[in-house]
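Here's the structure, in C-alpha cells; my notes come after.
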Amino acid sequence: MNLPAPSDYSSYPSLSTTQVIVRIAAIIMVWEFVIMLALGILKVDIGLYWLAFLDILLLSMLSTPCIYCWVIRPFTLARDQAITQIHHLAHTDPLTQLANRRGLSLFLEKLIAQTQRHGASGAVLIIDLDGFKVINDIEGHAAGDEVLIEIARRLNDNVRTEDSAGRLGGDEFMVLLTNLDNQEQISRASAIQVANKLCHIIKQPIEFKNKRLHVGASIGIRILGFEKLDTETAIKDADTAMYFAKQAGKSCAVVFTPNLTNT
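Sequential numbering from 0 applies to the sequence shown in numbering that gives the first Met the number 0.
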C-alpha cells in the first residue's frame with residue numbers, strides 16, 4: 000500500500016494578498032452598487048437608520064457567499080494541498096513512491112498498537128536485495144534505479160491492501176503484514192508463506208536496455224502480537240533475522256527467535 004498521493008487542487012490556485020484584497024473589495028463594491036440601485040428604484044422610505052440597517056443586512060447576506068467561494072475556499076484548498084504535499088514528501092521515497100523509513104515507522108507503530116489493543120498479530124519483513132551492488136557497479140546507477148523501482152512495484156502489487164510496503168533506503172525494503180492468526184505458529188507459517196512468495200517474485204528477471212537483470216532477496220521476519228515490542232526493537236529483530244538469511248545462503252527467509260542472537 001502506497002502512501003496516499005496529494006489530492007489535485009490545481010483548479011484552486013493560491014491567492015496573493017493583493018488578489019485577496021482586490022476580490023473582497025470588488026465583491027463589496029458590486030453588491031453595494033446593486034443594493035443601492037435596487038433601493039433607489041423601489042423608492043424604499045423607511046427612515047435613514049432602518050435604510051442603513053437594511054443596506055448592511057443585504058450586503059452581508061449577498062457578499063458573504065461570494066467571498067467564501069471566490070476568496071476563502073481557494074485559500075483553504077491551496078493550504079490543504081500544501082499540507083498534503085508536505086506530508087506526502089516527508090513520508091514517501093522519491094524514487095519508488097513507496098513509504099520511506101519515516102512513513103514505515105508510523106505504519107509499524109500503528110500496527111504494534113493494533114496488535115496490543117485487539118490481540119491480533121502481524122509481522123515485519125525486512126527485505127535486502129542479493130546481487131544489487133553488482134548491478135549498480137557494473138550496469139550503472141540508472142540500471143540500479145530501474146531495479147529498485149521494479150522491485151517496489153512488485154512488492155506493492157503483491158501485498159494485500161491492508162498491508163504496507165516501503166523502502167528503508169539503499170536496496171532494503173520493508174513489508175508490514177496485518178491481521179494474521181491469533182495462534183503464533185499459524186502466524187509464523189503465514190508470514191513465511193508471504194516471504195517465500197516475495198522471494199520468488201523478486202528473483203524474476205528485470206528487463207533493462209535489452210538486458211535481463213537478476214536479483215534475489217534475503218528476508219528477515221519478526222512476528223508481532225505475542226509479546227510487547229517497540230518499533231525500534233521490532234525492526235532490529237527483523238534485521239537480525241535478515242542477516243541470518245544472508246548467512247544461510249541468501250534468497251531465503253528466516254523468522255526471528257531469541258536463540259538467533261545466541262548462535
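Don't be surprised by glycine CBs; every beta carbon is placed ideally from N, CA and C.
C-beta contact flag for residue i and residue j at 8 Å
| i | j | result |
| --- | --- | --- |
| Ile222 | Glu171 | no |
| Ala233 | Val254 | no |
| Ala141 | Ile134 | no |
| Ile220 | Ala237 | yes |
| Ile275 | Leu50 | This structure cannot settle anything about residue 275, because the visible part of the chain is limited to 0 through 262. |
| Leu124 | Met173 | yes |
| Gln113 | Ala119 | yes |
Between the CA atoms of residue j and residue i - distance to the nearest angstrom
| i | j | result |
| --- | --- | --- |
| Gly102 | Arg166 | 9 Å |
| Asp162 | Leu176 | 5 Å |
| Ile23 | Thr17 | 10 Å |
| Arg116 | Ala25 | 56 Å |
| Leu197 | Gln84 | 31 Å |
| Ser6 | Lys235 | Low confidence applies to Ser6: its pLDDT is 48, below 50, so where it sits in the model is not reliable enough to give any reading. |
| Asn209 | Glu145 | 13 Å |
| Asn155 | Ala164 | 6 Å |
| Lys202 | Gly215 | 5 Å |
| Cys68 | Tyr48 | 31 Å |
| Thr230 | Val21 | 52 Å |
Sequence-distant residues of the same chain with beta carbon closer than 6 Å to residue i, five excluded per side
| i | result |
| --- | --- |
| Lys245 | Ser217 |
Same chain, Cβ closer than 7 Å to residue i, five either side skipped, listed in chain order
| i | result |
| --- | --- |
| Ser9 | Only weak support exists for where Ser9 lies, its pLDDT of 47 falling under 50; the coordinates are left without a value. |
| Glu149 | Ile205 |
| Leu61 | Trp30 |
Segment limits, alpha helix (DSSP H) that includes residue i
| i | result |
| --- | --- |
| Asp136 | 131-137 |
| Phe255 | Where Phe255 is concerned, there is no enclosing alpha helix (DSSP H), given that its DSSP letter is neither H nor E. |
| Val146 | 140-156 |
| Gly46 | Careful: Gly46 lies outside any alpha helix (DSSP H) and carries neither H nor E. |
Range of the contiguous beta strand (DSSP E) that encloses residue i
| i | result |
| --- | --- |
| Ser163 | 163-168 |
Beta bridge counterpart(s) of residue i as assigned by DSSP
| i | result |
| --- | --- |
| Arg125 | A small correction: the amino acid at residue 125 is Ile; Arg does not occupy that position in the sequence shown. Met173, Gly219. |
| Leu179 | Ser120 |
| Leu212 | Ile205 |
| Ala98 | Thr91, Gly165 |
Near the ligand COA: residue i beta-carbon under 7 Å from a heavy atom
| i | result |
| --- | --- |
| Ile40 | By its list of ligands, the structure shown contains no ligand whatsoever, and the ligand COA lies outside what it can speak to. |
Spatial neighbours of residue i in its chain, beta-carbon cut-off 8 Å, leaving aside the 5 residues before and after
| i | result |
| --- | --- |
| His90 | Leu2, Ala98, Asn99, Arg101, Gly102, Leu105 |
| Met35 | Asp54 |
| Leu38 | Leu50, Leu53, Asp54 |
| His213 | Gly130, Lys202, Pro204, Ile205 |
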